[in-house]
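Numbering (UniProt numbering), first residue to last: 1 to 115.
Glycine included, each C-beta is placed from N, C-alpha and C at the ideal position.
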């Protein structure tokens, strides 16, 4: 339900301020294919990914892309000083890269106009 409400492909599972895991659309699809529709009645803790890779705000977009590509996941919690401060998705990264390329193209166009 939270995935739909938040229009996100993943939600963090928190317990007393601590990140216990992450539940993604892929986790749900995986458990449905393994256990059938009855899996929808299982607790989130039985379905979520417990071994969560996280990043820091200071990590570069390139580093995040590498982590996601290598780990084959689409969402990364952002953690600072042991606290979750955000959740970044592959969609966020793609948007960032597109904006970066657009800025570069505009700078090149401006340079060519003045040359």
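Relative to the alpha-carbon of residue i, which residue among the options has its alpha-carbon at the smallest distance?
i	options	result
residue 65	83, 89, 79	89
residue 29	40, 76, 17	40
residue 20	81, 59, 77	77
residue 52	33, 27, 32, 58	27
residue 73	85, 82, 93	93
residue 58	101, 15, 79, 95	79
residue 15	36, 25, 50	50
I'd like the span of the alpha helix (DSSP H) that includes residue i, first residue to last.
i	result
residue 103	90-114
residue 70	61-71
Could you spell out the range, first to last residue, of the beta strand (DSSP E) harbouring residue i?
i	result
residue 11	10-15
residue 21	18-24
With a CB to CB cut of under 8 Å and the five nearest residues on each side skipped, what residues in its chain are close to residue i?
i	result
residue 63	55
residue 105	none
Tell me residue i's beta-bridge partners as DSSP assigns them.
i	result
residue 86	78
residue 49	22
In or out: residue i buried (at least 16 other Cβ within 10 Å) or exposed?
i	result
residue 68	buried
residue 38	exposed
Which residues in the same chain have their Cβ closer than 7 Å to the Cβ of residue i, if we skip the five residues on either side of it in sequence?
i	result
residue 23	10, 11, 13, 44, 47, 48
residue 18	none
residue 61	93, 96, 97
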